[in-house]
Amino acid sequence: AICTKRTRERFHLFFLDKSYRTKQDDLYSAKFYEKYQYIRKNMDNIAGVSIMLINQMGMAVCTFIITLISIGSFDMVIVAAALVFGVLVAIISKIITRKKLAIQHDYVPYERKAAYYKGLLTNREHARDTRIFQNQDWLRQQMNENLAEGEKRLFHYEI
Numbered sequence: 403a404i405c406t407k408r409t410r411e412r413f414h415l416f417f418l419d420k421s422y423r424t425k426q427d428d429l430y431s432a433k434f435y436e437k438y439q440y441i442r443k444n445m446d447n448i449a450g451v452s453i454m455l456i457n458q459m460g461m462a463v464c465t466f467i468i469t470l471i472s473i474g475s476f477d478m479v480i481v482a483a484a485l486v487f488g489v490l491v492a493i494i495s496k497i498i499t500r501k502k503l504a505i506q507h508d509y510v511p512y513e514r515k516a517a518y519y520k521g522l523l524t525n526r527e528h529a530r531d532t533r534i535f536q537n538q539d540w541l542r543q544q545m546n547e548n549l550a551e552g553e554k555r556l557f558h559y560e561i
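Positions 403 to 561 (my numbering) are the ones given, in order, by the sequence shown.
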């Protein structure tokens with residue numbers, strides 16, 4: 403596994419710190435337990451993505467420096483133009499990333515709620531409870547409302 407022993411220790415340290423600062427009743431809430439399980443299960447993925455991003459950024463910086471040195475040996479105007487272009491690309495990328503994060507922050511909760519209601523409607527393990535309590539229509543309505551709200555929030559952004 404990519405996740406090191408030190409990473410796991412830090413996670414549990416932060417988890418324990420957070421749990422000591424949290425009221426005891428909140429420890430039994432579904433939200434707290436869901437966050438804990440999600441992070442615990444995805445720790446290897448998170449560490450893997452972090453390592454991959456660091457490696458890619460390092461390679462990009464090395465490639466950029468080597469390119470600047472090789473071009474600089476011919477003409478410094480091209481190097482200056484490349485630097486200006488690189489700065490512009492970085493600024494535009496930062497703006498686009500912030501906008502994407504804002505969009506996701508708005509519509510993803512509704513998408514997740516809709517997926518949850520869909521799971522309640524379609525999973526075999528919940529079928530008996532759904533039939534007994536006869537709440538299929540309510541669950542379907544909640545799913546459709548969350549889908550509609552998520553789409554509304556997603557498509558109201560200007561490109």
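Note that beta-carbon positions come from the ideal geometry of N, C-alpha and C, so glycine has one too.
- Taking 9 Å as the cut-off, the beta carbon of TYR509 is found closer than this to the beta carbon of ARG555.
- The beta carbon of GLN544 sits closer than 7 Å to those of TYR519, all from its chain and outside the five residues before and after it, given in chain order.
- Comparing alpha carbon positions, the residue from LYS433, ASP531, ARG423, ARG442 closest to HIS414 is ARG442.
- Taking 9 Å as the cut-off, the Cβ atoms of THR465 and ALA484 do not count as close.
- In terms of CA proximity to PHE434, PHE417 leads the group ASN447, GLY450, PHE417, MET459.
- Rounded to whole angstroms, the gap between the alpha carbons of ALA462 and LEU490 is 16 Å.
- Per DSSP, GLU513 is one residue of the alpha helix (DSSP H) stretching across 478-524.
- At the C-beta level, THR409 and MET445 come within 9 Å of one another.
- In the assembly as shown, LEU522 is a buried residue. Its beta-carbon has 16 or more other beta-carbons within 10 Å.
- In terms of Cβ geometry, GLY552 and ALA516 form a close pair [threshold 9 Å].
- For GLN536, there is no enclosing alpha helix (DSSP H), as DSSP gives it neither H nor E.
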